[in-house]
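Just add 303 to the spot in the sequence shown (first one is 1) and you have the working numbering.
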Amino acid sequence: MPSFVISYGVNKGAHYCSGRTNWSGHGEAISSCDEDTEGRFWVSNDEYASQVAFCPYCGKKAPTQPEQGN
Ligand SMILES: [Zn+2]
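Set out below in structure tokens:
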């Protein structure tokens, strides 16, 4: 079981989860998932960030979904 923490309030009302886990389907160790001011979710590790449709930690759906068809 991956261990992680879920916390809120980093960005007023915004979603934020963090912790180290290997998320199947991603193949990389993700260290956090946070919501930007436009309701997009970004997962990131020490190297980069990428936009996701759902939080890999808690499963919450991003208010603003990634662009499709790219
Ligand atoms: Zn979450």
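Glycine included, each C-beta is placed from N, C-alpha and C at the ideal position.
Problem set entry | Endpoints, beta strand (DSSP E) assigned at Ala-439 | Only positions 304 to 373 of the chain appear in this structure, which leaves residue 439 out of reach.
Exercise. Given Ala-317, which residues of its chain have a CB within under 6 angstroms of its CB, disregarding the five upstream and five downstream residues?
Worked result: Glu-338
Exercise. For ligand 1, is there a heavy atom less than 7 angstroms away from the beta-carbon of Lys-363?
Worked result: yes
Exercise. Between Tyr-351 and ligand 1, is the CB less than 7 angstroms from at least one heavy atom?
Worked result: no
For this session: Measure the C-alpha to C-alpha separation of Trp-345 and Arg-323 and round it to an integer number of angstroms.
Result: 15 angstroms
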